[in-house]
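A quick write-up on the structure given underneath.
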Amino acid sequence: MPVSTTPPQDFPPTTIQHIQNCSFSSWYDTFAAFTLKSRVIPLEEEFIEYLNADGVFLPRGEDGAEEDHWGGSGDESGGEEEIGEDRSPSFPELQRRIERDIEDLGGAVFPKLNWSSPKDAAWITTGTTLKSTTPSEIFLLLKSSDFVAHDLGHAFEGCENGPTRPERFELVLKKWYDLLPSMEFRCFVKDGELVGISQRDVANYYDFLSEAREDLEDSIIEFFEDKIKGRFADPNYVFDVYINQRNRKVWLLDFNPFSSTTDSLLFQWQEILRHPTSQPPIFRIVESQANATQSPYPAYTTSRLPREAIDLSSGASIEEFAENFRRRVYDAVTED
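Numbering-wise, the working numbering puts 111 at position 107 of the sequence shown, and it's gapless, one number per residue.
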């Protein structure tokens, strides 16, 4: 996966308004017919403070029972005196709202904040996915994610003149579907024209994509021309799509800023910036197993391993101590 070395001055200025335009609730109503069914829940500042607090711990349940927690950098010498200290907040209204929305969306959801999903924390879940069926699972994912932490404190970083974070955050719950990673694509739009399309799962080679590439490219271009072009608030942006493998129907997944903070995947950003808008878009997939960005661990596994999780490892492999950590967390969740 290429790391962008594009000088910032080669990009159009990144404004707070552009970042806000990519926030889920800013575009969902416009494109609701072409994306996954979702619910948006405004978040109180107290919940944001909970997410920003050190350590991995869950809020108290509606019955007031305190969840176990694993603190951050505090002194461990406090021993028994600290065990009875209740540091866990409680969000009963939020929990009830989440439970209701999960039920309305079919019993399982994909959680995210305004921009980012906690995909770097998927290692902590039993199925190593973001599939969530309870508020506790959602809280645990959000609390364990560096991507979410970036949204909370640095969403507007690099923007000209303004704060580093928005005034309001929201929890987005998308109806869960078992999407095939092979059928997800990232699309780059410059000056209102589609200039690049990249396979999103750059860690794997899918031989059938080579045979279907013309079909897939045509489907994405048609979707852009019919559903997206001229309807987003900015002329420069990035959007992600999913293509149904059976009927080739295209679904919008998300919008991302047109900036170096967005992963350009199989492109270098300079290719995107310099590609003439008068020419057809470049369609790029992983062409062979040798070209796949292989890793012995799932994507993002090592991006956030809390100290308390590492302490549990005792030299075990990432998979072993992740399973150990998951077991302790879910033992706490099921004690309610």
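Ideal placement from N, C-alpha and C gives every residue a C-beta, glycine not left out.
Quick test of your reading: residue i and residue j, contact by CB under 8 angstroms. State the CB separation rounded to the nearest angstrom.
{"i": "residue 169", "j": "residue 160", "result": "6 angstroms"}
{"i": "residue 191", "j": "residue 243", "result": "5 angstroms"}
{"i": "residue 95", "j": "residue 51", "result": "6 angstroms"}
{"i": "residue 263", "j": "residue 18", "result": "5 angstroms"}
Looking only at its chain, what residues have a beta carbon closer than 7 angstroms to the beta carbon of residue i, apart from the 5 residues adjacent to it on each side?
{"i": "residue 41", "result": "109, 179"}
{"i": "residue 167", "result": "160"}
{"i": "residue 299", "result": "With a pLDDT of only 47 at residue 299, under 50, the local geometry of the prediction cannot be trusted, and the value read off the model is given with reservation. Closer than 7 angstroms at Cβ, skipping near neighbours: 207."}
{"i": "residue 276", "result": "192, 194, 199, 200, 268"}
{"i": "residue 266", "result": "242, 260"}
{"i": "residue 254", "result": "223, 224, 227, 245, 247"}
{"i": "residue 103", "result": "139"}
{"i": "residue 287", "result": "201, 217, 221"}
{"i": "residue 219", "result": "252"}
{"i": "residue 164", "result": "17, 19"}
Please determine whether the Cβ atom of residue i lies at a distance below 7 angstroms from any heavy atom of the ligand ZN.
{"i": "residue 161", "result": "With respect to small molecules bound, the structure shown includes none, and the ligand ZN cannot be examined in it."}
Pull up the distance between the alpha-carbon of residue i and that of residue j, whole angstroms please.
{"i": "residue 294", "j": "residue 224", "result": "26 angstroms"}
{"i": "residue 245", "j": "residue 274", "result": "22 angstroms"}
{"i": "residue 238", "j": "residue 22", "result": "7 angstroms"}
{"i": "residue 252", "j": "residue 229", "result": "16 angstroms"}
{"i": "residue 236", "j": "residue 14", "result": "22 angstroms"}
{"i": "residue 279", "j": "residue 16", "result": "15 angstroms"}
{"i": "residue 30", "j": "residue 121", "result": "16 angstroms"}
{"i": "residue 59", "j": "residue 125", "result": "14 angstroms"}
{"i": "residue 49", "j": "residue 98", "result": "12 angstroms"}
{"i": "residue 130", "j": "residue 136", "result": "10 angstroms"}
{"i": "residue 272", "j": "residue 123", "result": "23 angstroms"}
{"i": "residue 139", "j": "residue 282", "result": "48 angstroms"}
{"i": "residue 158", "j": "residue 28", "result": "17 angstroms"}
{"i": "residue 289", "j": "residue 92", "result": "46 angstroms"}
{"i": "residue 144", "j": "residue 44", "result": "19 angstroms"}
{"i": "residue 204", "j": "residue 182", "result": "16 angstroms"}
{"i": "residue 38", "j": "residue 256", "result": "6 angstroms"}
{"i": "residue 216", "j": "residue 53", "result": "47 angstroms"}
{"i": "residue 146", "j": "residue 127", "result": "12 angstroms"}
{"i": "residue 162", "j": "residue 20", "result": "9 angstroms"}
{"i": "residue 285", "j": "residue 63", "result": "47 angstroms"}
{"i": "residue 291", "j": "residue 47", "result": "43 angstroms"}
{"i": "residue 133", "j": "residue 111", "result": "15 angstroms"}
{"i": "residue 149", "j": "residue 297", "result": "22 angstroms"}
{"i": "residue 5", "j": "residue 196", "result": "Because the pLDDT at residue 5 is just 40, under 50, the model does not fix this residue reliably, and the point stays unresolved."}
{"i": "residue 270", "j": "residue 250", "result": "25 angstroms"}
Leaving out five residues before and five after residue i in sequence, what residues of the same chain have Cβ atoms less than 6 angstroms from its Cβ?
{"i": "residue 106", "result": "113"}
{"i": "residue 76", "result": "Its pLDDT being 43, under 50, residue 76 is placed unreliably in this model, and the coordinates cannot settle the point."}
{"i": "residue 240", "result": "16, 194, 262"}
{"i": "residue 116", "result": "176"}
{"i": "residue 32", "result": "none"}
Determine which residues share a DSSP beta bridge with residue i and list them.
{"i": "residue 258", "result": "244"}
{"i": "residue 202", "result": "190, 288"}
{"i": "residue 39", "result": "256"}
{"i": "residue 103", "result": "None; residue 103 has no bridge partner."}
{"i": "residue 178", "result": "42, 114"}
{"i": "residue 140", "result": "Note: residue 140 sits in no beta bridge, so no partner."}
{"i": "residue 214", "result": "DSSP lists no partner for residue 214."}
{"i": "residue 47", "result": "173"}
{"i": "residue 197", "result": "194"}
In its own chain, which residues sit with a C-beta less than 8 angstroms from the C-beta of residue i, not counting the 5 before and 5 after it?
{"i": "residue 24", "result": "30, 170"}
{"i": "residue 118", "result": "27, 28, 29, 155, 159, 170, 173, 174, 176"}
{"i": "residue 101", "result": "45"}
{"i": "residue 55", "result": "146, 147, 152, 153, 156"}
{"i": "residue 35", "result": "231, 232, 235, 256"}
Worksheet entry | Contact the region 174-188 vs the region 204-211: 3+ CB pairs below 8 angstroms | A contact exists between the region 174-188 and the region 204-211.
Worksheet item: Is the region 150-157 in contact with the region 199-207, if contact means three or more CB pairs nearer than 8 angstroms?
Response: Touching, no.
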